[in-house]
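Numbering (this note's numbering), first residue to last: 580 to 689.
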């Protein structure tokens, strides 16, 4: 598993309420994206938006973010390009289940 954090500057003309309405209207489109486990839409303190995505693999995430239709949608909606940052997940603390999971992560980035 990996996490991808997507950051997008919002136009000043778009309110937080309008952004949240966009999220509600578009969220269902992520239901059947291959490899996506979970997505959180985000609204930042500095008029930015984006999401935190939990993916089965980096390859699945990269495939989704390589889609020209996704880039076009982001540009049309926000007038900006998304910034995507990937994170490996070496340990998961799950307070709901009371478990701590250790994941194998690639060490080549050292």
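Even for Gly, the Cβ is constructed at its ideal location relative to N, Cα and C.
Note that the structure is predicted; figures quoted are calculated from it, not measured.
Residue nearest to residue i in terms of C-alpha spacing, selected from the options
| i | options | result |
| --- | --- | --- |
| residue 633 | 655, 610, 625 | 610 |
| residue 593 | 623, 607, 617, 581 | 623 |
| residue 581 | 664, 597, 648 | 664 |
| residue 625 | 682, 685, 666, 589 | 589 |
| residue 630 | 685, 642, 599 | 599 |
Residue i versus residue j: straight-line alpha-carbon distance, rounded
| i | j | result |
| --- | --- | --- |
| residue 659 | residue 584 | 16 Å |
| residue 677 | residue 671 | 11 Å |
| residue 728 | residue 679 | Here the chain comprises residues numbered 580 to 689, so residue 728 is not present and cannot be evaluated. |
| residue 617 | residue 681 | 19 Å |
Segment limits, beta strand (DSSP E) that includes residue i
| i | result |
| --- | --- |
| residue 583 | 581-588 |
| residue 656 | Note, residue 656: premise wrong, no beta strand (DSSP E); alpha helix (DSSP H) at 647-657. |
Beta-carbon gap between residue i and residue j smaller than 8 Å
| i | j | result |
| --- | --- | --- |
| residue 627 | residue 586 | yes |
| residue 639 | residue 614 | yes |
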